[in-house]
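S.K.: Protein chains in written order, with this note's numbering: chain A, 20 to 216; chain B, 20 to 216; chain C, 20 to 216; chain D, 20 to 216.
Number of protein chains: 4
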Amino acid sequence: MAPQRTDQPQAATRGPRADTLETVLTAAFRILINEGAHALTPQRVHRETGIARTTIYRNWPTTADLMTTMLERATGEQDMPPFTGDLEADLLIAVDSLVFRFNHRPLRPLFGALVEHGRQEGQGDVAAGYIKGVLAPITRALKEGCERGDLTLVDVDDAVLSLTGPLLTKHVLLGQTVSENDGALAVHEFLLLHRSG
Amino acid sequence: MAPQRTDQPQAATRGPRADTLETVLTAAFRILINEGAHALTPQRVHRETGIARTTIYRNWPTTADLMTTMLERATGEQDMPPFTGDLEADLLIAVDSLVFRFNHRPLRPLFGALVEHGRQEGQGDVAAGYIKGVLAPITRALKEGCERGDLTLVDVDDAVLSLTGPLLTKHVLLGQTVSENDGALAVHEFLLLHRSG
Amino acid sequence: MAPQRTDQPQAATRGPRADTLETVLTAAFRILINEGAHALTPQRVHRETGIARTTIYRNWPTTADLMTTMLERATGEQDMPPFTGDLEADLLIAVDSLVFRFNHRPLRPLFGALVEHGRQEGQGDVAAGYIKGVLAPITRALKEGCERGDLTLVDVDDAVLSLTGPLLTKHVLLGQTVSENDGALAVHEFLLLHRSG
Amino acid sequence: MAPQRTDQPQAATRGPRADTLETVLTAAFRILINEGAHALTPQRVHRETGIARTTIYRNWPTTADLMTTMLERATGEQDMPPFTGDLEADLLIAVDSLVFRFNHRPLRPLFGALVEHGRQEGQGDVAAGYIKGVLAPITRALKEGCERGDLTLVDVDDAVLSLTGPLLTKHVLLGQTVSENDGALAVHEFLLLHRSG
DNA sequence: CTTTAATCGAGACGGTACGTCGTGTCTTAGA
DNA sequence: TCTAAGACACGACGTACCGTCTCGATTAAAG
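1. Nearest to G148 (chain B) by CA position, among B:H213, B:M89, B:T74, B:R72, is which residue?
2. Please identify, using Cβ separations under 9 Å, the residues of the region 51–72 of chain D that lie next to chain C, in order along the chain.
3. Please list, in chain order, the residues of the region 127–149 of chain B that have any C-beta partner in chain A closer than 8 Å.
4. Within 9 Å of any Cβ in chain C, is that where the Cβ of A93 (chain D) sits?
5. Would D201 (chain C) pass as an interface residue toward chain D - the criterion being a Cβ-Cβ separation below 9 Å?
6. State buried or exposed for D38 (chain A), treating a residue as buried only when at least 16 other CB atoms are found within 10 Å of its CB.
7. Beta-carbon within less than 8 Å of K222 (chain A)'s beta-carbon, same chain only, minus the 5 sequence neighbours each way: which residues are those?
8. Quick one: what's got a C-beta closer than 8 Å to A132 (chain B)'s C-beta in the same chain, skipping five residues either side?
9. Under 9 Å, Cβ to Cβ, is there at least one residue of chain D near T183 (chain C)?
10. Report the three-state DSSP secondary structure of R120 (chain D) (helix, strand or coil).
11. Please confirm if the region 154–169 of chain A is in contact with the region 155–170 of chain B, defined as three or more CB-CB distances below 8 Å between the two stretches.
12. Tell me the rounded alpha-carbon separation between T188 (chain B) and P125 (chain B).
13. P156 (chain D): buried (16+ other C-beta within 10 angstroms of its C-beta) or exposed?
14. Take V197 (chain B) and list the residues in its own chain whose beta-carbon comes closer than 6 Å to its own, dropping the five residues that flank it on each side.
15. Report buried or exposed for V173 (chain A), applying the criterion of at least 16 other Cβ atoms within 10 angstroms of its Cβ.
16. Whole angstroms is fine: what's the gap from R66 (chain B)'s alpha carbon to R72 (chain B)'s?
17. Are the C-beta of L187 (chain D) and some C-beta of chain C separated by less than 9 Å?
18. If you reduce the DSSP assignment to three classes, tell me which class L129 (chain B) lands in.
19. Would you say L193 (chain A) faces chain B, with C-beta separation under 9 Å as the test?
20. Taking 9 Å as the threshold (beta carbon to beta carbon), is L170 (chain A) in contact with chain B?
21. Excluding sequence positions up to five away, which residues of its chain have a Cβ less than 8 Å from the Cβ of V134 (chain D)?
22. Just curious, the alpha helix (DSSP H) that I50 (chain C) is in, first and last residue?
23. Suppose you measure from the CA of Q62 (chain A) to the CA of T74 (chain D); what does that come to, to the nearest Å?
24. Where L154 (chain C) and G34 (chain D) are concerned, what is the direct C-alpha to C-alpha distance, given to the nearest angstrom?
25. Establish whether the CB of L211 (chain C) and some CB of chain D are separated by less than 9 Å.
26. Along chain B, which residues have their Cβ under 7 Å away from the Cβ of L180 (chain A)?
27. According to the neighbour-count rule (16 or more other Cβ atoms, all chains shown, within 10 Å of its Cβ), is S181 (chain D) buried or exposed?
28. What is the DSSP secondary structure of R214 (chain B), counted as helix, strand or coil?
29. Might you give, ordered along the chain, the residues of its own chain that have their beta carbon closer than 6 Å to the beta carbon of N78 (chain B), omitting 5 neighbours on each side?
30. Have a look at Q29 (chain C) and A83 (chain C) and give me their C-alpha separation to the nearest angstrom.
31. Let's test the definition: count the other Cβ atoms within 10 Å of the Cβ of G227 (chain B) and tell me whether it reaches 16, buried, or not, exposed.
32. Should A205 (chain B) be flagged as near chain A, meaning a C-beta pair shorter than 9 Å?
33. What residues in its chain sit with their C-beta under 8 Å from that of F48 (chain C), if we drop five residues either side in the sequence?
34. Please return the same chain residues whose Cβ sits closer than 8 Å to the Cβ of V64 (chain B), not counting the five positions on each side in sequence.
35. Using three-state DSSP, classify L180 (chain D) as helix, strand or coil.
36. Which two residues bound the contiguous alpha helix (DSSP H) that contains D174 (chain B)?
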């Protein structure tokens, strides 16, 4: 038999069609946010979107795969606020933005799902990556502050935790309302400790 | 007088037998810790314990009920470390103990369950109560510090968050190892900010 | 050891109390008639009567026992119509009474249960006995007819079947309405065949 | 045009696969005959056949549905005996065949199921239809007799009942053995009454 | 009029079956 | 090649009834 001439790579799995991917991920994210991890099932996504159950399973064999795709897509989607160059102002803006998000697109159910998802084999990084993405504006503000010499930090990541940890805990773990004042106070105390000079 | 006849055939009012309760709760807690919230199902508890599925449903109609019983029983079970009367020493001991716990009886696997449980109607307090129980030694140390006049705090609960929030976030949300040094550093910075005088 | 003097038989089980027995059997019969065999359960009798489930099980370990007690009590309870001494009149009255019963206290569900019950080990006679009880007035009329010499019958039981079989089949097996006219016609044909002379 | 998307995930519209249907009905009928109505449960059919319980429920949501399918399939399966054209001979053959059936594929075990099933909304006809199917050969013999003028009957169905009712009652309700002689006698008396001339 | 024993009420338990829902696989057909 | 659609086996869910068991509380008959 003559060798077959193919000018496309073998096993060229193309993955889901663009519209399928879009529809599914959008619905999945909405379900996850609104109703928590237990509600995010292939069956449910199928009902919401009309995409055939078979199709969902073909493209995302496990729910964890769906979660991973969602997170990879959502990571880095943070709307990075404009920077003024003034450390305190930048921090206040970034922290305010985080607190605003707590109250309007709460991270609580999402984080619950994330941590459960992080327990899956080798998926821990995806979850942690998403969380870091949420904190990215604050990380950037601190980094710029360091570069300008306004701050003296041993480790930027630890500093981000030091600044946002109490707020995250209050919202995510305790489920309590976090006020703008809480954010401002955290920034104030942080600067007391770490502002240079 | 004719004998009184009640119409409630199976109305369980006295609750489960002591041994049933013990067996179920122990197994449920183990499953929750080792495998996370999604693994804690009546079916699973039945398989682990041999307790009839019916019995489990009779005593804990929903998984949330099981969760509530577990949390109420576990809340307050903290081994309160001895107090020296020295603020810094007490805080270091309490925070060390917390960090030790992170590394030996991690809170992280419980977190998903706590969040999901907190979403249930009126069960938010139970979940938050459990976390507060974990932080109770620190709360006590701070309160005593205030009474002695060593500390000036506006709100003790906020102070507890400020001290432990970064550690909790690092452990629970990011899944990173928290070292004793992290704890000591947190105490140090906390005292810098809030020690009287 | 000296022999114990007891002038009562050992294991003097007294059986159910009179009122318990009355209450249970009445309710059981009502349920059986109105809703069929599948509805007659200990649980159900308990709900109807308030008699403790335990008590029912104690006195009637199986549903078949309950059925047997009911049938033994109900057999022979037929209200035997008065006899005129005229064969045709007596038969018409007896058959009319049977047809009336079809239409007002239908035998269909009861017989369904009876036959199922008859399948149980050694309970066949109880069921057949009840059915014969229902047919007793007709049997008596035929017997008296024979004694008076109005009828010539090889076997009275077969004759009863021959007379009532079509009616029973129409009601019980086919579930069709049996009219008084059907009854009268059956009597008429029966007499054509079997009247002496 | 956007692809049509239906919202019915599992709406079974095409019915069971041929082999599934065959396996289930065969087993169901066997169970029904051998052990009666109370033994015919989805769970039981599942155990007997290996067909998944889910599949059974999908195709026959209630036990009544299973019953209906079985009866519809069994109705008309009677092996219609050949006809000679001689009324008495034909009737004897048909009745003999019925009596033979009583003794080899008894109707009695089906009876309880038929009655219970007949109680279901709108299912009375299916059950009655099955019985009529069993009697079809006799109905045909009588009809042909009428057409030839050998018989004078007001209503063929009533005549069938009149002929077979005693036999059916003896077999189904009383559970007594019906002999060939019983059948022959019934035919004899029937002809005495209804033969023309 | 007590005492004694059988019965009753009650609740908890281990089971079996129910009917439903979600999962993941497969096959067939269609775009 | 991907998608749609439907059938299937499997497992968990939450409910209902079953039958057994304990324990007190009644009740009725015996001494």
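Glycine included, every Cβ here is placed at the ideal spot set by N, Cα and C. These figures come from a predicted structure and were not determined experimentally.
M.R.: This is what the structure gives:
1. Translated into positions along the second sequence, residue 148 (chain B) becomes position 129. When only C-alpha atoms are compared, the closest one is B:M89.
2. Hits within the stretch, in order: E54, G55, A56, H57.
3. Taking 8 Å as the Cβ-Cβ cut-off against chain A, the residues of the region 127–149 of chain B that qualify are R127, P128, F130, G131, L133, V134, E135, G137, R138, G143, A146, A147.
4. Residue mapping note: residue 93 (chain D) aligns to position 74 of the fourth sequence, counting from 1. Interface criterion not met: the Cβ of A93 (chain D) is under 9 Å from no Cβ in chain C.
5. Sequence index remark: in the third sequence, residue 201 (chain C) carries index 182 (1-based). Answer yes: the Cβ-Cβ gap between D201 (chain C) and chain D drops below 9 Å somewhere.
6. In the first sequence, residue 38 (chain A) corresponds to position 19, counting from 1. It counts as exposed.
7. This structure leaves residue 222 (chain A) out entirely; chain A is present only between 20 and 216.
8. The residue given as residue 132 (chain B) occupies position 113 in the second sequence. The residues L51, G55, A56, L59, M86, in chain order, have a CB closer than 8 Å to that of A132 (chain B) in the same chain once the five nearest residues on each side in sequence are set aside.
9. Here the question's residue 183 (chain C) lines up with position 164 in the third sequence. Closer than 9 Å to the CB of T183 (chain C) there is at least one CB belonging to chain D.
10. Numbered from its first residue, the fourth sequence carries residue 120 (chain D) at position 101. Helix at R120 (chain D).
11. The region 154–169 of chain A makes no contact with the region 155–170 of chain B; the number of CB pairs closer than 8 Å stays below 3.
12. Residue mapping note: residue 188 (chain B) aligns to position 169 of the second sequence, counting from 1. Residue mapping note: residue 125 (chain B) aligns to position 106 of the second sequence, counting from 1. When rounded, the distance between both Cα atoms is 12 Å.
13. Within the fourth sequence, residue 156 (chain D) is the residue found at index 137, counting from 1. Answer is buried; the Cβ neighbour count reaches 16.
14. Residue numbering aside, residue 197 (chain B) sits at position 178 when the second sequence is read from its first letter. V118, F121, L186, K189, H190, listed in sequence order.
15. Reading the first sequence from its first residue, position 154 is the one you call residue 173 (chain A). Taking a 10 Å sphere around the C-beta of V173 (chain A), we find fewer than 16 other C-beta atoms and assign the residue as exposed.
16. Position 47 of the second sequence, counted from the first residue, corresponds to residue 66 (chain B). Position 53 of the second sequence, counted from the first residue, corresponds to residue 72 (chain B). Those two C-alpha atoms are separated by around 9 Å.
17. Here residue 187 (chain D) corresponds to residue number 168 of the fourth sequence, with the count starting at 1. So, interface residue.
18. Walking along the second sequence from the start, residue 129 (chain B) turns up at place 110. Of the three classes helix, strand and coil, the one that applies to L129 (chain B) here is helix, per DSSP.
19. Locating residue 193 (chain A) in the first sequence gives position 174, where the first residue counts as 1. At a cut-off of 9 Å, the C-beta of L193 (chain A) has a neighbouring C-beta in chain B.
20. For this step, residue 170 (chain A) is matched to residue 151 along the first sequence. Put simply, the CB of L170 (chain A) is far from chain B, with every gap to its CB atoms at 9 Å or more.
21. Counting from 1 along the fourth sequence, the entry for residue 134 (chain D) is found at position 115. Same-chain partners within the cutoff: A146.
22. By 1-based counting over the third sequence, the position of residue 50 (chain C) is 31. Element bounds for I50 (chain C): 37–54.
23. The residue given as residue 62 (chain A) occupies position 43 in the first sequence. The residue given as residue 74 (chain D) occupies position 55 in the fourth sequence. Approximately 18 Å between the Cα atoms of the pair.
24. Counted from its first residue, the third sequence places residue 154 (chain C) at position 135. Counted from its first residue, the fourth sequence places residue 34 (chain D) at position 15. Using only the alpha carbons, I get a separation of about 47 Å.
25. Numbered from 1 along the third sequence, position 192 holds the residue referred to as residue 211 (chain C). It does: the Cβ of L211 (chain C) has a partner Cβ on chain D nearer than 9 Å.
26. Working through the first sequence from its first residue, we reach residue 180 (chain A) at position 161. Proximity of chain B to L180 (chain A) at the Cβ level (cut-off 7 Å) is accounted for by P185, T188, K189, in chain order.
27. The residue you call residue 181 (chain D) lines up with position 162 of the fourth sequence. Counting Cβ neighbours within 10 Å, S181 (chain D) comes out buried, since at least 16 surround it.
28. Walking along the second sequence from the start, residue 214 (chain B) turns up at place 195. Looking at R214 (chain B) - three-state DSSP - the assignment turns out to be strand.
29. Along the second sequence, read from residue 1 onward, the residue named residue 78 (chain B) stands at position 59. Excluding sequence positions up to five before and after N78 (chain B), its CB lies within less than 6 Å of the CB of P35, all in the same chain and listed in chain order.
30. Translated into the one-based positions of the third sequence, residue 29 (chain C) becomes position 10. Translated into the one-based positions of the third sequence, residue 83 (chain C) becomes position 64. Interpretation of Q29 (chain C) is limited by its pLDDT of 39, a score under 50 that renders its predicted location unreliable; the figure taken from the coordinates is listed afterwards. Taking the Cα positions, Q29 (chain C) is about 27 Å away from A83 (chain C).
31. Outside the modelled stretch of chain B, which goes from 20 to 216, sits residue 227 (chain B), for which no answer is possible.
32. As a position in the second sequence, residue 205 (chain B) is number 186, starting the count at 1. So, interface residue.
33. Translated into the one-based positions of the third sequence, residue 48 (chain C) becomes position 29. Excluding residues within five positions, the ones whose Cβ falls inside 8 Å are M89, A93.
34. Sequence index remark: in the second sequence, residue 64 (chain B) carries index 45 (1-based). Hits under 8 Å: V43, A46, A47, I50, I70, I75, L85.
35. Locating residue 180 (chain D) in the fourth sequence gives position 161, where the first residue counts as 1. In the structure shown, L180 (chain D) adopts helical secondary structure according to DSSP, grouped into three states.
36. Position 155 of the second sequence, counting from 1, holds the residue named residue 174 (chain B). From DSSP, D174 (chain B) is part of no alpha helix (DSSP H); its letter is neither H nor E.
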